[in-house]
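One structure is given here, and the rest of the page talks about it.
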Amino acid sequence: MVLTGSLSLIAGLADVRYYFHLQLAPHISRDHQYWRLITNQFAFTNSSELFLSQLLFYNVAVGIERTFGSLKYTSFLLASALVSTLLNFITLLLLHRLGVNYIPSGPSPILFSILYQYHRIVPSAYTFRIFGVPVTNKIFTYLTALPIIISHTPGSILAAFNGLSTGALYRSGLTDLKSFRVSPWVVSTISSLVGSSRPPHMSARAIPGERAPFASELVVTRRRTTETVQEEASGAAAVATGDTGATGGSVMREWVDELTGRRDSGRVPTAGEIAELTAVFPHASREEIVDALQRSQTVDQAASVLLTRSS
């Protein structure tokens with residue numbers, strides 16, 4: 001993806017785009033410029049094809065690479081390049097008398113070989129209807145590739161057909177392309193040149209700001225007593241009667257605790273329970289969350305207490 005974009009820009013700036021297209025006569029038959037078979041898939045000659053190909057590479061090729069793995073994906077790209085180059089040359093020889101003498105530059109065969117893998121491997125996410133015809137979400141990817149197919153007819157159609165044929169040959173049992181693997185040092189060398197980065201860590205917090213890690217904080221509570229067990233049992237019975245009963249029981253239990261001085265008695269909340277309630281109630285203080293957990297038998301009961309306090 002990066003290599004194709006860079007070479008396309010360099011070819012345009014240096015005005016050497018005419019070295020990349022593949023033409024049987026006179027370049028191959030008369031001038032014997034067989035190196036065009038290799039350079040043909042290096043770069044695109046116009047910005048529109050480059051833009052569409054980058055969109056397809058980003059939306060399709062990245063998923064195929066994650067499915068195959070780096071080693072298999074690199075081997076697949078190399079095999080697709082070799083097979084599609086051979087098919088381009090053979091089809092030009094066969095169709096030359098019918099007026100097909102030109103294949104535009106660009107890695108279109110490799111791109112359509114990847115699209116074939118995308119069609120066979122990646123399932124559709126949803127289906128909808130257009131004028132009664134059922135289509136899937138993949139239709140948008142295929143419509144993006146359509147301008148590349150019709151950009152330089154009939155050569156662009158031939159390149160797309162050769163790419164799809166290459167992808168079909170790779171997945172079929174007619175050839176042994178699936179078992180082909182490049183040397184691991186090739187992949188490691190390319191990775192060292194291109195570089196790799198891990199995806200950024202996505203925090204589960206809904207609001208910005210940092211909070212001290214829960215593992216570094218000490219929760220000081222008292223032991224469970226008989227009164228606490230009876231209190232928690234009564235709270236569980238209140239929850240079973242309904243949401244309204246749970247809320248009313250929590251309020252009444254809190255009021256009784258304030259009068260009797262049993263406010264600090266309760267169970268020992270775990271760090272996971274504290275973290276769960278902190279994510280749901282980001283504006284509540286840690287002391288309020290710990291107190292609600294000490295008064296409740298479950299996290300749901302503690303959430304009811306916090307909701308009652310905030311209302």
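Going left to right, the sequence shown walks through residues 1 to 311 as our numbering numbers them.
Every residue, glycine too, gets a C-beta built ideally from N, C-alpha and C.
Can you look up residue i in the DSSP assignment and give me helix, strand or coil?
i	result
THR4	helix
THR244	Unreliable positioning characterises THR244 in this predicted model, as indicated by a pLDDT of 47, which lies under 50. The coordinate reading is nonetheless provided below. Residue state, collapsed to three classes: helix.
PHE128	strand
PRO104	coil
VAL182	coil
GLN301	helix
GLN294	helix
LEU22	strand
ARG30	coil
ASN88	helix
SER80	helix
THR45	coil
THR175	coil
SER70	helix
ARG286	helix
HIS152	coil
ARG267	coil
GLY12	helix
ARG17	helix
LEU306	helix
In or out: residue i buried (at least 16 other Cβ within 10 Å) or exposed?
i	result
ALA302	buried
THR166	buried
VAL2	exposed
SER296	buried
ASP291	buried
TYR18	exposed
LEU146	exposed
PHE76	buried
ASN137	exposed
LEU50	buried
VAL133	exposed
On the DSSP letters alone, give me the boundaries of the beta strand (DSSP E) that residue i sits inside.
i	result
PRO109	It is not in any beta strand (DSSP E) - PRO109 instead sits in the alpha helix (DSSP H) that spans 108–121.
THR136	133–136
Measure the CB-CB distance between residue i and residue j and report whether it falls below 8 Å.
i	j	result
GLY106	THR67	no
LEU9	THR91	no
ILE110	ALA81	yes
LEU143	PHE89	no
HIS21	PRO104	yes
THR141	VAL62	no
MET269	LEU293	The question names Met, but residue 269 is Pro in the sequence shown. Contact flag set, yes.
ILE148	LEU277	no
LEU56	ASN162	no
ILE289	PHE281	yes
How is the alpha helix (DSSP H) around residue i delimited, first residue to last?
i	result
ALA145	139–149
TYR58	From DSSP, TYR58 is part of no alpha helix (DSSP H); its letter is neither H nor E.
SER156	155–171
GLY272	271–280
LEU37	36–39
What residue from the options has the CA that sits closest to residue i's CA?
i	options	result
PHE112	ASN40, ALA168, LEU307	ALA168
GLU65	ILE114, HIS32, ILE28	ILE114
ASN101	ASP300, VAL305, ASN162, HIS27	HIS27
SER151	SER47, THR278, ALA79, LEU37	SER47
LEU98	SER84, GLY155, PHE57, VAL133	GLY155
SER6	TYR116, HIS21, PHE42	PHE42
THR85	PRO269, LEU164, LYS178	LEU164
ASP96	ALA25, THR278, GLY272	Here the sequence assigns His to residue 96, which means Asp is not the residue at that position. Comparing Cα-Cα distances from HIS96 to each of ALA25, THR278, GLY272, the minimum goes to ALA25.
SER312	ARG120, TYR142, LEU13	The chain is shown from 1 up to 311; residue 312 falls before or after that span and cannot be answered.
LEU93	SER29, LEU71, LEU56, SER53	SER29
VAL182	ILE130, ALA125, THR74, TRP35	THR74
PHE128	ARG267, ILE139, TYR118	ILE139
GLN54	THR4, GLU287, ALA11	THR4
GLN23	TYR34, LEU13, GLU49	TYR34
SER285	SER310, THR298, GLY272, PRO134	SER310
ALA160	SER108, PRO184, ASP300	SER108
Compute every distance between the C-beta of residue i and the non-hydrogen atoms of the ligand ATP, then say whether any falls below 7 Å.
i	result
LEU93	Because no ligand of any kind appears in the structure shown, any question about the ligand ATP cannot be addressed here.
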